[in-house]
Amino acid sequence: MNDIDKLRKALAAEHAALFAYGLLGARTSGSTRDRMTAAFDAHRARRDQLRGYITSRGGEPAEPDASYALPFVPSGNAQATKLAVHLESGVTAAYLELAAAQDDALRRYAALAMQEAVTRSYAFRPAQPPAFPG
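Its first residue numbered 1, the sequence shown is counted upward by one per residue in full-length UniProt numbering.
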């Protein structure tokens, strides 16, 4: 897989995240909605950067699909945050492949994008993780 293919895979993940965060923003309220909006904005910025990287390397960036299948449709803030964690994991996986790019700048870009996605993922998790039994 060449660097343009890796960029396209990351772009596809960003398209899917934008679709889902648009849905999540409409199905949440309060501070959860604010976090969904912030995540949407971050993914939109990454999408735009990826499109620029692909174009500057002579590639054609793919347009988003009309819709994306979600593992479940959230019905409240708790389920929405659970889906957000799932989304960020998918984005992280896509950038992991880009981290193996031949271009040093793309590897750094991918590493930073993964850090941001993992940070968002943990920010969506409950403040107090469940204790181990025993």
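The beta carbon of each residue, even a glycine, is placed where N, CA and C say it ideally should be.
The structure displayed is predicted, hence computed values, not measured ones.
Our contact map puts residue i next to residue j with C-beta atoms below 8 Å; I'd like the distance itself, whole angstroms only.
| i | j | result |
| --- | --- | --- |
| Ala-13 | Gly-90 | 6 Å |
| Pro-74 | His-15 | Not a contact, Cβ separation roughly 19 Å. |
| Ala-123 | Thr-92 | Not really, about 14 Å apart at Cβ, beyond 8 Å. |
| Asp-106 | Leu-98 | Correcting the residue type first, residue 106 is Leu in the shown sequence and not Asp. Yes, Leu-106 and Leu-98 are in contact; Cβ-Cβ is about 6 Å, under 8 Å. |
| Ala-84 | Leu-24 | 6 Å |
| Thr-32 | Asn-77 | 4 Å |
Could you check if residue i is buried or exposed, using at least 16 other CB atoms within 10 Å of its CB as the buried criterion?
| i | result |
| --- | --- |
| Gly-52 | exposed |
| Arg-46 | buried |
| residue 205 | The question about residue 205 has no answer, for the chain in this structure spans 1 to 134. |
With DSSP as the reference, label residue i as helix, strand or coil.
| i | result |
| --- | --- |
| Leu-70 | coil |
| Thr-37 | helix |
| Gly-58 | coil |
| Phe-132 | coil |
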